[in-house]
Every structure is written in C-alpha cells, then in structure tokens.
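**Q**
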Amino acid sequence: MACTAWRTTAVPGFLLLLATGSEVSAGYVGDRFFPSTLATTVPTPADFYNPPYFVKLPDTATTHEIDIPTTYSRLVTKDWSVFFTETFRILDVANKGRLSGFDNLVIGTQYQLYTNPEHQFVFTVGGTAAIGGTGSPGIAASFSTLTPTVYIGKGFGDLPDSLAWLRPLTVSGTVAVAVPTESFTLTSLGTINRPSADAGAFTSLSTLPTGPTTLAETGNPSGPASCPAERCH
C-alpha cells in the first residue's frame, strides 16, 4: 500500500517536473506542424508532456475499464526521442468487484527515418516495451510486451490551388504489432486435496493439501496493438 501511494504521487510529479524544463517542440516537416494531442500519435520525435486524462474503453460482458495514462517524451537528437508512459487503471470485473492500480511501465522510442519537406511527408520507426512485473498485481501482466511500430504523417499543403480548401488537413497513421515475451501464463488454481494416509478411523474423511498444484495455462495475446494499451499522445 505504501509503495502504491508513493508511486501515485512520485511518478506524475517527476514527469511534471521534467515537463516544466522542456520546450514544446512537436515536429515540423517543411512548414507543416504535427502537434501532440490526446487522440493522435505524433509521427515525429518530439518534446512534450501529456498530463493524466481519462480513457473509457468499450465495455465487455464482464469488464468495465477506465485508463488514466500520462506520457512524457524527450528529444535525444533532432531525429530521435525516448518516451515513458504510466497508466493508472480502474477495472470493474463481474464477480470480483473493483480493481485498481498501475499498469506496467511503458518505455518507447522514435527515430525519424525519412522526411520530404516539400510534400510534408514523414516516415518514422520505433516501438515500445511494456516492462512486465512493474505494475500492480491483478492489473498488470507478469510478462513484458514488445511493440515495434511504424508512424506515417502527411500534410496536404502541396495540393494545387484547385484543392486549396484541403491544404489545412493533416493525416497521421500508426501500424504496430504487439509481441509478448512469453507465449502463455501459468496461473495457480490451488492444491488438489486427497485423503491423508495417516488419518485415523475417526478422521478418514479429512484431507490434507498433499496433492499436486493445479495450473491453468492462458495464452498471451499478440497481434495488432491499439494505442490506449501502449501509448496515446
């Protein structure tokens, strides 16, 4: 409990302290500005801080989830950045009640591989690593997840005069695949009890936890990654 309370205050406070000392410099490609927003992924390395905000995920038959992520990104060079995302999660699970705590810490990077200033086009590669075991039990996975990512951004300032009304538009896209470091997770279902060989006549129905432990095997998901699970900014 003390550790969770410390993390609740220290991590956002540390990120806020870093943010106050950094200039906001989301990337320019030519004269096109690609800003950091709460709903889109910046396709260029950038300096920025997204304070905590609420994300309501679609409900399932058994789960209601609210995420509260915060992200800090810092340029190392003009073409390369590193970022950190911390997410506080609130889960309402059928038959289990409410669970809350931190998800695993996410560390990521972006490298601006190609730009075409004349056509306001940028192609960036990078990815994230959600570090297994850094989050709260019951909320975060015990395994890590690696997510290689490609970011693409395009401004339309190069359109001809006949389409001048489209010039303010900017489009960005992200393609990512989540790869867990473990293909499955073993969960203990408890110990199978069996009659004790040492039980007397009046305790023949008693059992002792001397049987084997039962484990459940759960496949860890992999495939296309969604922004809220890893990094939204």
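In terms of this note's numbering, the sequence shown opens at residue 3 and continues consecutively. Backbone N, C-alpha and C define an ideal beta-carbon position, used for all residues, glycine too. All values derive from a computational prediction rather than experimental measurement.
1) Report the rounded CA-to-CA distance for A165 versus G157, giving the unit in angstroms.
2) What did DSSP end up calling A178 once you bin it into helix, strand or coil?
3) Check whether the region 49-63 touches the region 170-184, taking contact to mean three or more Cβ pairs, one atom from each stretch, closer than 8 Å.
4) Is E67 helix, strand or coil when you go by DSSP?
5) What's the gap between the Cα of D49 and the Cα of Y113?
6) Should the region 128-135 be called in touch with the region 88-99, which here means at least 3 C-beta pairs below 8 Å?
7) Just curious, the beta strand (DSSP E) that Y116 is in, first and last residue?
8) For L161, name the three-state secondary structure that DSSP assigns.
9) Is DSSP giving L148 helix, strand or coil here?
10) Hey, quick one: how far does the beta strand (DSSP E) through W82 stretch, first residue to last?
11) Can you pull the DSSP bridge partners for G29?
12) Quick check: the Cα distance between I141 and T183, rounded to an integer number of angstroms?
13) Cutting at 6 Å between CB atoms, please list the residues of its own chain near Y153, excluding the five before and the five after it.
14) Measuring only the C-alpha atoms, how far is T147 from F86?
15) State the DSSP-derived secondary structure class of L101, mapped to helix, strand or coil.
16) If you run the structure through DSSP and keep just helix, strand and coil, what is L59?
**A** Per the coordinate set shown:
1) According to the sequence shown, residue 165 is Leu rather than Ala. Distance from the CA atom of L165 to the CA atom of G157, rounded to whole angstroms, is 13 Å.
2) Of the three classes helix, strand and coil, the one that applies to A178 here is strand, per DSSP.
3) Per the Cβ contact rule, the region 49-63 is not in contact with the region 170-184 (fewer than 3 Cβ pairs under 8 Å).
4) DSSP places E67 in strand when its eight states are reduced to three.
5) The alpha-carbon atoms of D49 and Y113 are separated by roughly 13 Å.
6) These segments do not touch.
7) For Y116, the enclosing beta strand (DSSP E) stretches over residues V108 to N118.
8) DSSP, reduced to helix, strand and coil, places L161 outside both helices and strands of the structure shown, so it counts as coil.
9) Three-state DSSP puts L148 in a strand.
10) Counted as a single uninterrupted DSSP element, the beta strand (DSSP E) harbouring W82 occupies residues W82 to V95.
11) Note: G29 sits in no beta bridge, so no partner.
12) The straight-line gap from Cα to Cα measures roughly 18 Å.
13) Around Y153: P45, T126 and T176.
14) Note on geometry: alpha-carbon atoms of T147 and F86 lie some 14 Å from one another.
15) Correct three-state label for L101: strand.
16) Of the three classes helix, strand and coil, the one that applies to L59 here is coil, per DSSP.
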